[in-house]
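Numbering (the numbering used here), first residue to last: 409 to 977.
Glycine is no exception: its CB is placed at the ideal position from the N, C-alpha and C atoms.
Contents: one structure, followed by commentary.
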Ligand SMILES: *Cc1c(COP(=O)(O)O)cnc(C)c1O
């Protein structure tokens, strides 16, 4: 018997959205960064728009990790434990998947995302912490992106194959499967097998033979990785051993690649609809995978989630249905500057208080605040802003400037961790000329404070490595313009001097980006902020008018609905 909470979700067919990570809420550590937040925003938009989705992910009982930073700027990782029983409802079904010759039992938890304007979306959190499993298997769904290749592949078997079986066992009828990144590609294998599909629990079972074409008709795949090396790959030796019963290795090689089992390739070959997450990323993906038709659906951020309370009130007053139709923010010019600036001042104050509580750094109320926060890793170049400390000091001596930074490095990313240390050294070097803080343990709540409390949002990736980037979209909802290298979404979102500023162009060498950034700050951004407040407000409004109205997850989900879900491959 299913709990009543599940019944309402079983009445009509649904689209199953599979993702290794889904950011349900800030206090539930089932996400590491942009991919998980996007998955969460996808679910939240589906709830707002009453689209019939069901999310499938892992319980990640030990989370990604909690970040501590010691006095030398070194990252220390702690498990981020949470108890699903406190936030989700246990579901009765248990199923097993075959891994390395044994059965691994899986149960699931129901977490319901409820929209304040209408619908709700069920998310299933798969969990192997069951008495039926041996001690080691109980930890399969513990650590997000933890462990070695075998641990990862086992998690992907649980997510992909286990997820498909769990949906069936619970009585879901699934019309489409949406793979958020290649991690979920094994779900296509589960569909490929000859399976018994129970139309409705209790009624007669109907046998269906899925072939490749049928599976392609059922699957949509969103790739998020702009470089070949970033795609999830496993050796066939490991794959054959762990997958066990999947005997048809010849077919697997044909679909997943000759050398390695490449999860993106597997997903590409078994999905009738494929897309990248920004126009340039789709182009990049076509070059990487010639012969595949890769569409572009640019990412978006969830309107309500990423809008600070002061801005929510402004939007509620002027555009009462903005949470359903964020395009109406295109009319932001009808709002008085003073009203918008008051909302911004509240958001700045909230960030100032938070920074003071966390790091004892005192930000000034009247000083331009530049924020940078995201995963700390080489290609994001978080040190670009500090490439010439003397120049930065000279700029700040004329136009005062303060900086807030945050971000975690993956535990295995040596370069990313080194960058965190370097940033701490730069921050120390700049005192007392330039107030700056590094906030430890970046998460959604902190992101929300930062994207609203900043005066400008900085992004400095090395092109073409930023598939999309989403934090600048969140900033736009709060009237915060971006200063960013033209890569990912910003190629589409940047109107120079109108929505923010681009750093360089396709012709400029990446090595010149530091100088260009300093020039922009010194000659355009800071003089505008301090010298022409109404000119500055125009840019704030430009960010809202163009970027919040466009780069929201409602537009994204309406695109997925028409192009990926209704489309027949
Ligand atoms: C939005 C977000 C990210 C992703 O930021 P990008 O700019 O896309 O790299 C990462 N972590 C958290 C907590 C976020 O909210």
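Asked                                                                                                                    : Found
Nonlocal neighbours in the same chain, by C-beta distance under 6 Å from residue 825, ignoring five residues either side : 483 and 817
Range of the contiguous beta strand (DSSP E) that encloses residue 776                                                   : 776-781
Buried/exposed call for residue 610, threshold 16 Cβ in 10 Å                                                             : For residue 610, the predicted model reports a pLDDT of 47, less than 50, meaning its position is unreliable; a value from the coordinates is still stated below. Its Cβ having fewer than 16 others within 10 Å, residue 610 is exposed.
Check: residue 878 C-beta below 6 Å from any heavy atom of ligand 1                                                      : yes
Selection from 517, 525 and 575 that minimises the alpha carbon distance to residue 418                                  : 575
Beta-carbon proximity of residue 512 to residue 545, cut-off 7 Å                                                         : yes
Residues near residue 775 in its chain [Cβ-Cβ closer than 8 Å; skip 5 each side]                                         : 808, 809, 810 and 843
Pair within 7 Å by beta-carbon distance, residue 753 and residue 449                                                     : no
Near ligand 1: residue 855 beta-carbon under 6 Å from a heavy atom                                                       : yes
Residue 684 Cβ short of 6 Å to ligand 1 heavy atom set                                                                   : no
Cutoff 7 Å: residue 736 Cβ touching any chain B Cβ                                                                       : Judged by its chain identifiers, the structure shown contains no chain B, having just a single protein chain.
Burial state of residue 525 (16 or more Cβ within 10 Å)                                                                  : exposed
Rounded straight-line distance, which links the Cα of residue 561 to that of residue 669                                 : 10 Å
Segment contact flag, the segment 829-849 with the segment 466-476, C-beta cutoff 8 Å, min 3 pairs                       : yes
Neighbour-count burial assignment, residue 502, 16 or more Cβ in a 10 Å radius                                           : exposed
Element boundaries [beta strand (DSSP E), containing residue 588]                                                        : 582-588
Any non-hydrogen atom of ligand 3 within 6 Å of residue 441 CB                                                           : Looking for ligand 3 in the displayed structure turns up nothing; the ligands present are ligand 1.
Residue 596 (DSSP reduced to helix, strand or coil)                                                                      : helix
Nearest to residue 869 (by Cα), restricted to the options 565, 490, 711 and 899                                          : 899
Residue 851: CB within 6 Å of a non-hydrogen atom of ligand 1                                                            : yes
Which of helix, strand or coil DSSP assigns to residue 430                                                               : coil
Cβ separation of residue 455 and residue 522, assumed to be a contact under 8 Å, to the nearest whole Å                  : 7 Å
At least 3 beta-carbon pairs within less than 8 Å: the segment 852-860 vs the segment 905-913                            : no
Cβ neighbour criterion (16 or more within 10 Å) applied to residue 619                                                   : exposed
Classification of residue 978 by the beta-carbon crowding that lies within 10 angstroms, buried from 16 upward           : For residue 978 there is no data in the structure shown, the boundaries of the chain being 409 and 977.
For residue 705 and residue 933, the rounded distance between their alpha carbons                                        : 31 Å
Residue 719 - containing alpha helix (DSSP H), residue span                                                              : 717-726
Three or more C-beta pairs below 8 Å linking the segment 567-581 and the segment 415-433                                 : yes
Through-space distance from residue 553 to residue 735, alpha-carbon basis                                               : 36 Å
Residue 935, enclosing alpha helix (DSSP H) - first and last residue                                                     : 934-939
Residue 472 in three-state terms, based on DSSP                                                                          : coil
6 Å CB neighbourhood of residue 760 in its chain, flanking five on each side removed                                     : 771
Local Cβ density within 10 Å of residue 692, reported as buried at 16 or more and exposed below that                     : buried
Buried versus exposed call for residue 882 [16 or more other C-beta atoms within 10 Å across all chains shown]           : buried
Minimum C-alpha distance to residue 966 - residue among 823, 453 and 714                                                 : 453
Rounded distance between the beta-carbons of residue 626 and residue 584, thought under 8 Å                              : 6 Å
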